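The numbering of the sequence shown is the numbering used here, which starts it at 1 and goes up by one. Notes for the one structure printed next.
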Amino acid sequence: MRLKTQFKLYDELNLTPLMDLAWTLLIVFVIMATATVQGISVNLPKAGASPSMGKPKTKAVTVTSDGRIYLDTALVSLGELEMRLRQYKAADPELPVVVKGDASVQYHKVIEVLDVMKRLQIAQLGLVTDRLVK
Numbered sequence: 001m002r003l004k005t006q007f008k009l010y011d012e013l014n015l016t017p018l019m020d021l022a023w024t025l026l027i028v029f030v031i032m033a034t035a036t037v038q039g040i041s042v043n044l045p046k047a048g049a050s051p052s053m054g055k056p057k058t059k060a061v062t063v064t065s066d067g068r069i070y071l072d073t074a075l076v077s078l079g080e081l082e083m084r085l086r087q088y089k090a091a092d093p094e095l096p097v098v099v100k101g102d103a104s105v106q107y108h109k110v111i112e113v114l115d116v117m118k119r120l121q122i123a124q125l126g127l128v129t130d131r132l133v134k
């Protein structure tokens, strides 16, 4: 007995996998398009016109726990601090200065340093502290 096998031709194309692929690509393109950060167009300066990055302009005055005063990393007296800051201020009238006082320093030492800043009319003055841990 002979078995009859019948081959049926497909009369329509299955589009489900094609539609799945199309939707996946559409979703990927939408996500990628919204993920890009849209910036504001600006005219950037040329490299030669940028300010020098050689030396930092901010001066750091540190008062240690034993009352010693440092300007950046150099040990100075109160009078020498005033003289050097006066020279720096003459070169840069907008001289920024930060004062770092040790937590155990006597309060009057930091006040003396702040008085020097006031006499020199240094307006850009900052006090360095540690963050409070909560």
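Virtual Cβ for every residue (Gly too), placed ideally from N, Cα, C. Since the model is a prediction, treat every value here as computed from it, not as a measurement.
Item	Value
Range of the contiguous alpha helix (DSSP H) that encloses Leu-9	Where Leu-9 is concerned, there is no enclosing alpha helix (DSSP H), given that its DSSP letter is neither H nor E.
Coarse secondary structure for Leu-71, derived from DSSP in three states	strand
Among Ala-33, Gln-124, Ala-22, the one whose alpha carbon lies nearest that of Ser-92	Strictly speaking, residue 92 in this sequence is Asp, with Ser absent from that position. If we check each option's Cα against that of Asp-92, Gln-124 comes out closest.
Option in Leu-21, Thr-58, Gln-121, Gly-79 with minimal Cα separation from Val-99	Thr-58
Under the three-state DSSP convention, the category Val-105 falls into	coil
Closer than 6 Å: Ala-103 CB and nearest the ligand SAH heavy atom	Ligands are entirely absent from the displayed structure, and the ligand SAH is therefore not among its contents.
Beta-carbon contacts of Val-136 that lie in its chain and below 8 Å, excluding the five residues immediately before and after	Lying outside 1 to 134, the shown extent of the chain, residue 136 is not represented and no answer is given.
Rounded Cβ spacing between Lys-89 and Leu-95 (contact assumed at less than 8 Å)	5 Å
Assigned secondary structure, Ala-164 (DSSP; H/G/I helix, E/B strand, else coil)	In the structure as shown, the chain starts at 1 and stops at 134, and residue 164 therefore has no counterpart that could be examined.
Cβ neighbour criterion (16 or more within 10 Å) applied to Gly-67	exposed
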